[in-house]
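These notes are about the structure you will find just below.
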Amino acid sequence: IQLIQQIINEQIRPALRAHGGNIELIDVEGNKVVVAFRGMCAQCRLAELTTKDVVEAKLREFVSEELFVEEDKESAQQPHNHRE
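Here my numbering is used: the first residue of the sequence shown is 2, the next is one more, and so on.
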């Protein structure tokens with residue numbers, strides 16, 4: 002989980018912030034990683050593409066090719082409480 006959080010912080014979050022968004026790691030269960038988008042990313046129609054093309058691709062590159070990522074859309078509606 003620490004490596005996943007590190008990759009999110011170093012490889013994924015900066016790209017999302019450049020577009021007014023953010024990401025939060027919600028859960029890791031086996032090979033499933035659950036994230037929630039924040040800011041502009043939470044309402045973006047391209048969030049599904051971002052999940053696969055950016056988040057999942059980076060985590061597979063740096064952590065494990067076995068990982069798959071799902072977006073927690075309910076959590077995206079909650080107030081942001083991420084601590085960096």
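All residues carry an ideal CB built from backbone N, CA and C; glycine is no exception. All figures in this text were calculated on a predicted structure; none of them were measured in a lab.
Item	Value
Residue range of the unbroken alpha helix (DSSP H) whose run includes K53	Note, K53: premise wrong, no alpha helix (DSSP H); not H, not E.
For R18, the three-state DSSP class (helix, strand or coil)	helix
Residue from A43, E49 and N10 with nearest C-alpha to G22	A43
Those residues which DSSP pairs with G31 across a bridge	Looking at the DSSP assignment, G31 forms no beta bridge with any residue, so it has no partner.
Which listed residue (I27, L47 and A58) has its alpha carbon closest to that of E67	A58
Buried versus exposed call for E25 [16 or more other C-beta atoms within 10 Å across all chains shown]	buried
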